[in-house]
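There are 2 protein chains.
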Amino acid sequence: MKGLVILGSTGSIGRQTLDIVRAFPNEFNVVGLAAGLNVELLKEQIEEFRPRLVWCTSEQHRGLLPDGVTLTPMEEMVCQPDADLIMAATIGSAGLVPTVRALENKKPVALANKEVIIMAGGLVKSLAGPDGGTLLPVDSEPSAIWQCLRGEKEDVRRIIITASGGPFRTSPMEDMEKVTPEEALNHPTWKMGRKITVDSATLMNKAFEVIEARWLFDVPWDKIEVVVHPQSIVHSMVEFADGSVKAQLGPPDMRLPIQYSLFYPTRLPNQQIPRLDTGLSHSLTFQPLERERYPCFGMAVEAGKKGGTYPAVLSAADEVAVELFLQGRIGFMDIYRTIDRVLGDHTSSLGSSLDEILAADHWARVRAHEVAESLPAPTPVSRST
Amino acid sequence: MKGLVILGSTGSIGRQTLDIVRAFPNEFNVVGLAAGLNVELLKEQIEEFRPRLVWCTSEQHRGLLPDGVTLTPMEEMVCQPDADLIMAATIGSAGLVPTVRALENKKPVALANKEVIIMAGGLVKSLAGPDGGTLLPVDSEPSAIWQCLRGEKEDVRRIIITASGGPFRTSPMEDMEKVTPEEALNHPTWKMGRKITVDSATLMNKAFEVIEARWLFDVPWDKIEVVVHPQSIVHSMVEFADGSVKAQLGPPDMRLPIQYSLFYPTRLPNQQIPRLDTGLSHSLTFQPLERERYPCFGMAVEAGKKGGTYPAVLSAADEVAVELFLQGRIGFMDIYRTIDRVLGDHTSSLGSSLDEILAADHWARVRAHEVAESLPAPTPVSRST
């Protein structure tokens, strides 16, 4: 049995990871669970999976945990000898230090918390590989790319990442200022956590996937393309040297890529995972990305290309801006304005050590709050349905 | 340099194989070329590629070949020590004996002449593998499946073969009796030889691919599906145990699968091969196969499942019927009627040795002519455009 540590066990990916554990009761021993503030669910998970180690972010919530659990910070949890596999399903910067520690300790890390590789791509990548741990993609797009690359030897010619385009793909541009959190959270194809759902509406999430692909698969920027595919059935594609393109498909459901990362390279049947229904008619459409509609996309890819501590600043400013948007304190397009101003104000460190990244992350959070507060408050919008 | 023998060098696949040879002038030494009746083109090919060995079907045409070429029957050509790779791009039953001889002599055979594996799937498959030669798929659909299986270890759950549906996918059913050779030869997406183009209009070709997949990839019949995909961009798909589906895509162009078979497992850039253009919008549609529209499909798959010498009879009767249709001697739907009657009249041998297969092939040709002659002649149809 594989000793599994789940960071972010009460989030969307954490809960679905536990669905896979339930589907294969003889395969995993849940060694550790770490959550944020949802102690009620964490208590249920502790009851069901009996982990040896537990973490919960706030001291106040921690007080509500059952007696007898061993509180262990995430960075320590991932280094335990019986932690054979780490699922990093935390959000934002929370997973950075634990992921670095896990890789330093030569542990395989299933990485759903993509901000980690946005903030510290070079560092994380340098720790993965022959002398360190292994990075296993979990997100559906990098998982698709990873599956398409399976068994292929030559360099890729192009990675083609698909994007649903989010809920505002066809909205009139003038309505974008007035988008409400409720509308941004209504993703057309994927049911996901709140942060990533807003990142999908701005296409920040897609820029993150471009940056992630650059590091995970070691491809130059100009070989990564994004195409809009509103049905989210084709999860991504790879074009090889001879022009042949391979794609990975399936109904939009995260349990498949989660399971793939947990059992790689083995593929196991799991009745929970929905199948592509060829008894129905399907229409899969692909179209070029409308860049003006999604200013976050270009800005974020640029920050990724600049490197240094810019990507860490990008990720931190986005985390703050999305949270402020969800709280109704800034408008939807202010997410872009906030991050753009913070990036403009930043002077990158020369290096990108963990300390430099964490300092840039801290600086960007403070600055993002300042910038956001200086913006005019969004006008509450009432809409007819 | 690889010594290459091309059987059927003046046909569509043969000519495109020579395009690949031209694109990689340091990779191949053309050892042998065999053609049917197109001596003019064969002479040009001899001039350009200087093969050591040549064959041409008819004695009369053979007389037109340049002096100094060594006439060598295909079955001997494929056994030469300097024949490192055989491209079997003949049509119908012509490639059967040479392919069997090549595999017996442990040669790798790039198989475009799919009738060979229809006629003699079990035999050919038993000769390929560790103790014999290797079979390398050339057709776009099995090549797609082969590419999707690359690097995958587990059994497949489903093979999903795509079918364009041919030129009559949306024609009124009552018009099918009146289809002319010209209409049947007007394939919407692929430019191919005449026999395979008519087989694509009846969907006989797709049934052949089902039978081919069953043998090439050793999958049971109930794991092979066909879906209609009119754009011919997705060349086929494979579903794995975990529900993940991989697809291989590209513009419809045979040079890619031909090149893949010649260089496998290496993928090489070739500017001749068109690329998937992601700068354009694409709509890829998939729908269930309308079986009533294509009676040849179900009949042929049934013959494949029955085994014995039925598939050889199927292939031979189809070859005769298609030729008679192209000559205007029977109608389009008579292709089905002829083959159905011949199959109904056949009593399969118990075994399926090469002799039994060749005897069944001979019997079926004679019987198909008799059956076709007994059918009422098609009424010449004049159409307004």
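If you're matching them up, the sequences are chains H and D in order. Residue 1 is where the first sequence starts when you use the numbering used here, and the numbers rise one by one after that. Residue 1001 is where the second sequence starts when you use the numbering used here, and the numbers rise one by one after that. C-beta: ideal position from N, C-alpha, C; glycine also. Keep in mind the model is a prediction, meaning the values are calculated, not measured.
Look at the alpha carbon of H:V322 and the alpha carbon of H:K195, and state the distance between them as a whole number of angstroms.
Residue mapping note: residue 322 of chain H aligns to position 322 of the first sequence, counting from 1. Residue mapping note: residue 195 of chain H aligns to position 195 of the first sequence, counting from 1. Roughly 7 Å separates the two Cα atoms.
To the nearest angstrom, how far is it from the Cα of D:P1311 to the Cα of D:R1062?
To locate residue 1311 of chain D, count along the second sequence from 1; it is residue 311. To locate residue 1062 of chain D, count along the second sequence from 1; it is residue 62. Going by the C-alpha atoms only, they are around 32 Å apart.
Determine the extent of the beta strand (DSSP E) in which H:W146 is found, giving its start and end residues.
Locating residue 146 of chain H in the first sequence gives position 146, where the first residue counts as 1. That residue, H:W146, is in no beta strand (DSSP E); its alpha helix (DSSP H) goes 140–149.
Please return the same chain residues whose Cβ sits closer than 7 Å to the Cβ of D:L1103, not counting the five positions on each side in sequence.
In the second sequence, counting from the first residue as 1, residue 1103 of chain D sits at position 103. Around D:L1103: V1109, V1124, L1127, A1128, G1132, G1133.
Return no unless some Cβ of chain D is closer than 8 Å to the Cβ of H:R214.
By one-based count along the first sequence, residue 214 of chain H stands at place 214. By this cut-off, H:R214 is not an interface position.
Measure the alpha-carbon distance for D:P1288 versus D:K1223 and round it to whole angstroms.
Taking the second sequence and counting its residues from 1, one reaches residue 1288 of chain D at position 288. Taking the second sequence and counting its residues from 1, one reaches residue 1223 of chain D at position 223. Going by C-alpha positions, D:P1288 is about 15 Å away from D:K1223.
Using 8 Å as the Cβ pair cut-off and three pairs as the minimum, do the segment 254–270 of chain H and the segment 138–149 of chain H touch?
Touching, yes, given that three or more Cβ pairs across the two stretches are closer than 8 Å.
What three-state label does DSSP hand H:S384 in the structure shown?
In the first sequence, the residue the question calls residue 384 of chain H occupies position 384. With a pLDDT of 48 at H:S384, under the threshold of 50, the modelled position of that residue is not reliable, and the figure given next carries that caveat. Here H:S384 sits in coil by DSSP.
Can you give me the Cβ contacts of D:Q1248 inside the same chain, cut-off strictly under 7 Å, excluding the 5 residues immediately before and after it?
The residue labelled residue 1248 of chain D in the question sits at position 248 within the second sequence. Result list for D:Q1248: A1144, Q1147, C1148, H1235, S1236, in chain order.
Pairwise C-alpha distance: D:V1116 and D:E1069
As a working mapping, residue 1069 of chain D is identified with position 69 in the second sequence. As a working mapping, residue 1116 of chain D is identified with position 116 in the second sequence. Here residue 1069 of chain D is Val; the residue named in the question, Glu, does not match the sequence. Straight-line Cα distance between these residues: approximately 28 Å.
Under 8 Å Cβ-Cβ, which residues of chain H neighbour D:N1270?
Against the second sequence, residue 1270 of chain D aligns to sequence position 270. Contact note: D:N1270 reaches chain H through D242, G243, using a C-beta cutoff of 8 Å and chain order.
Interface flag, D:P1288 vs chain H, CB-CB below 8 Å:
The residue you call residue 1288 of chain D lines up with position 288 of the second sequence. D:P1288 counts as touching chain H.
Give the interface partners of D:I1273 over in chain H, defined as CB-CB distance under 7 Å, in chain order.
Position 273 of the second sequence, counted from the first residue, corresponds to residue 1273 of chain D. Around D:I1273, the beta-carbon contacts reaching into chain H at under 7 Å are D242, G243.
Contiguous beta strand (DSSP E) assignments of at least 3 residues, all confined to the segment 316–378 of chain H:
Note on the segment 316–378 of chain H: there is no whole beta strand (DSSP E) run with a minimum of 3 residues.
Could you please give the first and the last residue of the uninterrupted beta strand (DSSP E) stretch that includes D:L1185?
For the purposes of this step, residue 1185 of chain D is taken as the residue at position 185 of the second sequence. No residue range can be given for D:L1185, since it is assigned to no beta strand (DSSP E) and is classified by DSSP as neither H nor E.
Environment of H:Q45 [buried if 16+ CB atoms lie within 10 Å]
Locating residue 45 of chain H in the first sequence gives position 45, counting from the first residue. It is buried - the Cβ of H:Q45 has at least 16 other Cβ atoms within 10 Å.
Same chain only: Cβ atoms within 7 Å of D:L1064, ignoring 5 sequence neighbours per side:
Locating residue 1064 of chain D in the second sequence gives position 64, counting from the first residue. Short of 7 Å from the beta carbon of D:L1064, and not among the five residues preceding or following it, lie these beta carbons of its own chain, in chain order: V1039.
So is D:W1215 buried or exposed if we call it buried at 16+ other beta carbons inside 10 Å?
Walking along the second sequence from the start, residue 1215 of chain D turns up at place 215. Answer is buried; the Cβ neighbour count reaches 16.
Contact with chain D by H:T338, beta-carbon distance below 8 Å:
Position 338 of the first sequence, counting from 1, holds the residue named residue 338 of chain H. No, H:T338 does not count as interfacial toward chain D.
Less than 8 Å between CB atoms is the rule here; does D:H1369 satisfy it with respect to chain H?
Counted from its first residue, the second sequence places residue 1369 of chain D at position 369. So, not an interface residue.
Which full runs of the alpha helix (DSSP H) of 4+ residues lie inside the segment 1182–1264 of chain D, going along the chain?
Runs of alpha helix (DSSP H) with 4 or more residues, each lying fully within the segment 1182–1264 of chain D, are found at 1194–1202, 1204–1216, 1255–1263, listed in chain order.
Hey, does H:T385 have any beta-carbon neighbour from chain D nearer than 8 Å?
On the first sequence, residue 385 of chain H is found 385 positions in, with the first residue counted as 1. Per-residue confidence for H:T385 stands at a pLDDT of 44, beneath the threshold of 50, marking its modelled position as unreliable; the derived number appears in the next sentence. No, because no Cβ of chain D sits closer than 8 Å to the Cβ of H:T385.
Hey, out of H:T197, H:T285, H:P220, H:R169, whose CA is closest to H:E182's CA?
Taking the first residue of the first sequence as position 1, residue 182 of chain H is located at position 182. Checked all of H:T197, H:T285, H:P220, H:R169; the closest Cα to H:E182 is H:T197.
Backbone CA spacing between H:S12 and H:N186 [nearest angstrom]:
Here residue 12 of chain H is taken as the residue at index 12 of the first sequence, counted from 1. Here residue 186 of chain H is taken as the residue at index 186 of the first sequence, counted from 1. Distance between the alpha carbons of H:S12 and H:N186: 15 Å.
In chain H, what lies closer than 7 Å to D:V1021 by C-beta?
Taking the second sequence and counting its residues from 1, one reaches residue 1021 of chain D at position 21. Neighbours of D:V1021 on chain H: none; closest Cβ ~15 Å, over 7 Å.
C-beta contact flag for H:S281 and H:T309 at 8 Å:
Numbered from 1 along the first sequence, position 281 holds the residue referred to as residue 281 of chain H. Numbered from 1 along the first sequence, position 309 holds the residue referred to as residue 309 of chain H. No, these two residues do not count as a Cβ contact at 8 Å.
Are the beta-carbon atoms of H:R158 and H:E239 separated by less than 8 Å?
Taking the first sequence and counting its residues from 1, the one referred to as residue 158 of chain H is at position 158. Taking the first sequence and counting its residues from 1, the one referred to as residue 239 of chain H is at position 239. With respect to H:E239, H:R158 sits close: the two C-beta atoms are nearer than 8 Å.
What are the start and end residues of the alpha helix (DSSP H) that includes D:V1097?
Residue numbering aside, residue 1097 of chain D sits at position 97 when the second sequence is read from its first letter. Bounds of the alpha helix (DSSP H) holding D:V1097 are 1096–1104.
I'd like the list of long-range same chain contacts for D:R1293, defined as Cβ closer than 7 Å, with 5 residues on each side in sequence excluded.
The residue labelled residue 1293 of chain D in the question sits at position 293 within the second sequence. The residues are M1173.
Mark D:A1303 as exposed unless 16 or more other C-beta atoms lie within 10 angstroms of its C-beta, in which case mark it buried.
In the second sequence, residue 1303 of chain D corresponds to position 303, counting from 1. Buried is the call here.
Looking at D:A1207 and D:E1154, is the spacing between their C-beta atoms short of 8 Å?
Numbered from 1 along the second sequence, position 154 holds the residue referred to as residue 1154 of chain D. Numbered from 1 along the second sequence, position 207 holds the residue referred to as residue 1207 of chain D. Taking the C-beta atoms as reference points, D:A1207 is found no nearer than 8 Å to D:E1154.
For the pair the segment 1262–1275 of chain D and the segment 1312–1331 of chain D, tell me if three or more CB-CB distances fall below 8 Å.
Contact fails between the segment 1262–1275 of chain D and the segment 1312–1331 of chain D, because fewer than three Cβ pairs, one in each stretch, are under 8 Å apart.
Specify the secondary structure class of D:G1129 as computed by DSSP and reduced to three states.
Here the question's residue 1129 of chain D lines up with position 129 in the second sequence. For D:G1129, the secondary structure class from DSSP, reduced to helix, strand or coil, is coil.
Measuring only between beta-carbons, confirm whether D:S1283 sits less than 8 Å from chain H.
Sequence index remark: in the second sequence, residue 1283 of chain D carries index 283 (1-based). Closer than 8 Å to the CB of D:S1283 there is at least one CB belonging to chain H.
So which of H:R15, H:L324, H:K191, H:S244 has the shortest CA-CA distance to H:A377?
What you label residue 377 of chain H is simply residue 377 of the first sequence in a count that begins at 1. If we check each option's Cα against that of H:A377, H:L324 comes out closest.
Chain-ordered chain D contacts of H:R150 [CB-CB under 9 Å]:
Stepping through the first sequence from its first residue, residue 150 of chain H is reached at position 150. In chain order: R1150, G1151, E1152, K1246.
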